[in-house]
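Everything on this sheet refers to the single structure shown next.
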Amino acid sequence: MSIPTSHQKPILRNDNKPIWCAGCGLYLVERITADIMRDLNWNQSNTVVVSGIGCSGRASGYFNTDAIHTTHGRALPVAEGIKLANEKTNVLVISGDGDLLSIGGNHLIHTARRNSNLTVICNRNDVYGMTGGQLAPTTSADEPTKTTPHGSGIEPLSVESIITGYKKHFYAKTSVVDVKHLRDSIFAALTWDGFAFVEVLSICPTQRGSNLGLSPAELNDFLKKQIDRDPDMKLKIRYNS
Ligand SMILES: Cc1ncc(C[n+]2csc(CCOP(=O)(O)OP(=O)(O)O)c2C)c(N)n1
Ligand code: SF4
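Our numbering applies: residue 165 is where the sequence shown begins, and numbers increase by one.
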C-alpha cells in the first residue's frame, strides 16, 4: 500500500456537502470506496469517477478526483471513452440501479461484453429515490411503490445473470448491512484487471422506507432478512467462472 504524499487532497471533498438523506446507504458506499481508493493511491492525478443521474448519480461530485456527472443512463459509454483515451487512468463508475439497469441497461450489456477495464459500483436500493419512490427494475414483483401501489407483478431484472454470463468478469453481490463484505468486494473490484461489477444491496430510508411503511432501522432489518431468506440475494464474490 502506498501512503499518499502530503500535497494530495483527501479523497472526498469537504467543500461539497452530500445532499443525501440521513441514513441513506450511499454514505457508507462512498466512505468505504474512498478509503480503499486512498489505500490504493487512486487520487486526483490518476482517477476519474463517473456517474449518471439520481441520488446515487450524485456520488461523483463528492470525490476529489476528476469527475463527470453524465446524463441519465450514460455513465458507462462516457467511462469507456475515458478508458480508451488513456488506459492508465483508473475509471470508476458509481450509479444507481435505475440509472445503470433501466435507462442505461443497453450500455451495461455492451460495455461488459467488451470487457472494458472499469469498475462499476451499483447502489441497488430497489427504488427510484431521487424522483419520489417509483418502481425500479430491481423491485420485487409484490413490493408496493408510488407507481405500483399493489406491486408490479413483474419479476425484477437479475444483473447478476447478465454479468456472470460473461465468463471473465468480476462480479460481487454485497450489501451495506455487511461492512466487511462490502469492503472486501469493493477492494477486489478496484484491483481487478477487466470489467468489474459490484451490486450493492443498499437502503433508501426515505422513499423505499415510505413505500414499505418501515423506519430506517426496520428497513435495515428487512434487507438483512431478504438476504438471509432469498437465494437471489445471497452475498457473494465471484472472480470468474
Ligand atoms: C432522460 C431522463 N429521464 C428521466 C429522468 C428523471 N430521473 C432522474 S433520477 C431518475 C431515476 C434514478 O434512479 P436510480 O438510478 O435508482 O437512483 P436513486 O435516486 O435511487 O439513487 C429518473 C427517472 C432524467 N433525469 N432524465
Ligand atoms: S431519497 Fe433515498 S436514495 Fe435518495 S438520498 Fe434519500 S435515502 Fe438516499
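Glycine residues also receive a C-beta, built at the ideal position from the N, C-alpha and C atoms.
Tell me residue i's beta-bridge partners as DSSP assigns them.
i    : result
Q172 : Per DSSP, none; premise fails for Q172.
Q298 : Y292
V257 : V214, V284
V193 : Per DSSP, none; premise fails for V193.
L365 : R288, S339
Measure the beta-carbon distance from residue i to residue j and round it to whole angstroms, keeping in mind my assumption that it falls under 8 angstroms.
i    : j    : result
D263 : H236 : 6 angstroms
What is the DSSP secondary structure of residue i, reduced to helix, strand or coil?
i    : result
S166 : Low confidence applies here, because S166 scores a pLDDT of 49, under 50, leaving its location unreliable; read the following figure in that light. It is coil, neither helix nor strand.
D357 : coil
D230 : strand
T370 : coil
E324 : helix
A223 : helix
K389 : helix
I401 : strand
Y335 : strand
K181 : coil
I381 : This sequence places Ala at residue 381; Ile is not what is there. Three-state result, A381: helix.
Which residues in the same chain as residue i place their Cβ atom closer than 6 angstroms to its Cβ, once the five residues preceding and following it in sequence are excluded?
i    : result
V284 : V257, F361
N210 : N254
G187 : P369, P380
T328 : Y335
L192 : V340
G293 : C219, C368, Q371
F351 : I200
Might you give, ordered along the chain, the residues of its own chain that have their beta carbon closer than 7 angstroms to the beta carbon of residue i, omitting 5 neighbours on each side?
i    : result
V299 : Looking at the sequence itself, residue 299 is Leu, so the reference to Val does not match. If we look at L299 and ignore the five residues flanking it on each side, its Cβ neighbours are T309, T311, T312, S316.
S166 : Confidence at S166 is low in this model, with a pLDDT of 49, below 50, so its placement is unreliable and no value can be given for it.
K247 : T253, V255, S280, N281, L282
I183 : R222
V364 : V193, I285, C286, N287, R288, T338, S339, V340, L346
Measuring only from the beta carbon, is residue i closer than 7 angstroms to any heavy atom that is part of ligand 2?
i    : result
N289 : yes
P320 : no
T311 : no
C286 : no
L378 : no
W184 : yes
T355 : no
P369 : yes
L176 : no
L190 : yes
Kindly say whether residue i, judged by its beta-carbon, lies nearer than 8 angstroms to any beta-carbon of chain B.
i    : result
S209 : This model lacks chain B altogether; it includes just one protein chain.
Would you check whether ligand 1 has a heavy atom nearer than 7 angstroms to the C-beta of residue i?
i    : result
T295 : yes
D348 : no
I258 : no
A300 : yes
D199 : no
Between which residues of its own chain and residue i is the CB-CB distance below 8 angstroms, once the five residues before and five after are set aside?
i    : result
K398 : K337, I391
L176 : E194, R195, A198, Y226, F227, N228
A276 : I326, I327, Y330, H333, F359, F361
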